[in-house]
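Participant: Everything in the first sequence is counted per our numbering, starting at 22 for the first residue and increasing by one. We put the CB at the ideal spot given by N, CA and C, even for glycine.
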Amino acid sequence: MKIASWNINGVKARIETAIAWLKEADPDMACFQEIKSVDENFPKEAFEELGYHVYTHGQKGFNGVAILSKRPAEELNIRLPGDENDEQARYIEIVVAGDSTPVRVGCLYLPNGNPLGTEKFPYKLAWMQRLIAHAKQSLEKEEAFMLVGDYNVIPMPQDAKNPEAWVGDALFQPESRGYFRELKNLGFTDALRAGNDNDGVYTFWDYQAGAWQRDNGIRIDHLLLSPEATDRMIHVDIDKHVRGWEKPSDHVPIWVQLRS
DNA sequence: ATGTCTAGTGAGACTAGA
Numbered sequence: 022m023k024i025a026s027w028n029i030n031g032v033k034a035r036i037e038t039a040i041a042w043l044k045e046a047d048p049d050m051a052c053f054q055e056i057k058s059v060d061e062n063f064p065k066e067a068f069e070e071l072g073y074h075v076y077t078h079g080q081k082g083f084n085g086v087a088i089l090s091k092r093p094a095e096e097l098n099i100r101l102p103g104d105e106n107d108e109q110a111r112y113i114e115i116v117v118a119g120d121s122t123p124v125r126v127g128c129l130y131l132p133n134g135n136p137l138g139t140e141k142f143p144y145k146l147a148w149m150q151r152l153i154a155h156a157k158q159s160l161e162k163e164e165a166f167m168l169v170g171d172y173n174v175i176p177m178p179q180d181a182k183n184p185e186a187w188v189g190d191a192l193f194q195p196e197s198r199g200y201f202r203e204l205k206n207l208g209f210t211d212a213l214r215a216g217n218d219n220d221g222v223y224t225f226w227d228y229q230a231g232a233w234q235r236d237n238g239i240r241i242d243h244l245l246l247s248p249e250a251t252d253r254m255i256h257v258d259i260d261k262h263v264r265g266w267e268k269p270s271d272h273v274p275i276w277v278q279l280r281s
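(1) Would you mind stating whether residue 259 and residue 275 have Cβ atoms separated by less than 8 Å?
(2) What ranges does the beta strand (DSSP E) occupy inside the stretch 74-122, keeping only unbroken runs of at least 3 residues that lie completely in it?
(3) Taking buried to mean at least 16 other C-beta atoms within 10 Å of its own C-beta, is residue 154 buried or exposed?
(4) Am I right that residue 192 and residue 241 are in contact with their C-beta atoms under 8 Å? What's the rounded C-beta distance?
(5) For residue 253, I'd like the list of residues in its chain whose CB is within less than 7 Å of its CB, leaving aside the five on either flank, ordered along the chain.
(6) Buried or exposed for residue 171, please, with buried defined as at least 16 other CB atoms from any protein chain shown within 10 angstroms of its CB.
(7) For residue 271, tell me which candidate among 233, 257 and 84 has the shortest Cα-Cα distance.
(8) By how many angstroms is the C-alpha of residue 54 removed from the C-alpha of residue 27?
(9) Determine the DSSP secondary structure at residue 199, reduced to helix, strand or coil.
(10) Out of 235, 220 and 218, point me to the one whose CA is closest to residue 226's CA.
(11) According to DSSP, simplified to helix, strand and coil, what is residue 160?
(12) Is residue 51 helix, strand or coil by DSSP?
(13) Can you find the residues in the same chain that come closer than 7 Å, C-beta to C-beta, to residue 173, ignoring five residues on each side of it along the sequence?
(14) Span of the beta strand (DSSP E) holding residue 125?
(15) Using alpha carbons as the reference points, say which of 195, 250, 176 and 238 lies closest to residue 210.
(16) Could you tell me which of 22, 68 and 30 sits nearest to residue 264, measuring between CA atoms?
(17) Could you give the first and the last residue of the continuous alpha helix (DSSP H) run that contains residue 68?
(18) Assuming the contact rule is C-beta atoms closer than 8 Å, residue 72 and residue 79 should be a hit. Round their C-beta distance to whole Å, please.
(19) According to DSSP, simplified to helix, strand and coil, what is residue 153?
(20) Applying the 10 Å Cβ sphere with the 16-neighbour rule, what's the burial state of residue 369?
(21) Are residue 76 and residue 94 closer than 8 Å when you measure CB to CB?
(22) What does DSSP give as the partner residues of residue 278 in its beta bridges?
(23) Taking the straight line between their C-alpha atoms, what separation do you get for residue 97 and residue 167?
(24) Return yes when the Cβ of residue 63 is within less than 8 Å of the Cβ of residue 87, no when it is not.
(25) Taking 6 Å as the limit between beta carbons, can you name the residues of its chain near residue 22, skipping five residues before and five after?
(26) Compare the Cα-Cα distances from residue 113 to each of 106, 105, 125 and 104 and report the closest residue.
(27) Let me check understanding here. Comparing Cα to Cα, which of 33, 43 and 32 lies closest to residue 25?
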């Protein structure tokens, strides 16, 4: 089972690019972030034609997450528990049947948190604490479980081309990195780092200042796998070439193949 | 440090968010 995550930066602007990638990559499940669409306007039919069941949790203007899955959801949960006043659409989770045991996938768009000194940064940290609490509870189920998405966290200096440029940024604060580490240390495996210590592995290149042409990237999209999912991991990769396509998102897809 | 993009509003020479 191939499971992918991709911040598409607007489903309306990205529909042709997304369809081209789905046809090429043919994932069994695709988790999208930043759909920037309300549920009613999400182009479900275009994805259903490719054989996907479509689950969305959108809002007007920005944020928004969606999961496309060839297998139907046996369970669907939206919103991260822990704050009933949080209106931002940043989390959707489904469970599908695997060939042997169920697979639970949470698709998340973690708050950016910039600029520091505003309410945005404490919101990010509070959201991360809620994610840790939810992850802790979910791990107790001892399922093949994964938390995938745009974490807006650069875990280590080697995850940025120019780490010094990110020192004052919410994506690279000690608190942000600390909570990411705390989450991972609950028992998850950072799929990409399971067998790859290389520098220069990125998932995001800014639209500005020729970041893509200079390979000035950061690794902020992550696949965190529970022990049960990690045991079934066959391959993980980043579809870097998609950043060079016409009308690209500023993020690229990252995916993992699990033994079904 | 800043060479951009997306959606929304309302029809911008705009703004917010990233």
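Facilitator: Inspection of the coordinates gives the following:
(1) yes
(2) 74-78, 86-90, 96-99 and 112-117
(3) exposed
(4) 6 Å
(5) 165, 279 and 280
(6) buried
(7) 233
(8) 6 Å
(9) helix
(10) 235
(11) helix
(12) strand
(13) 131, 132, 133, 134, 192 and 241
(14) 124-130
(15) 250
(16) 30
(17) 65-69
(18) Their Cβ separation, rounded to whole angstroms, is 22 Å, which puts residue 72 and residue 79 out of contact at 8 Å.
(19) helix
(20) With the chain represented from 22 up to 281, any question about residue 369 goes unanswered, as that position is not in the structure.
(21) yes
(22) 23 and 256
(23) 14 Å
(24) yes
(25) 49, 279 and 281
(26) 125
(27) 43
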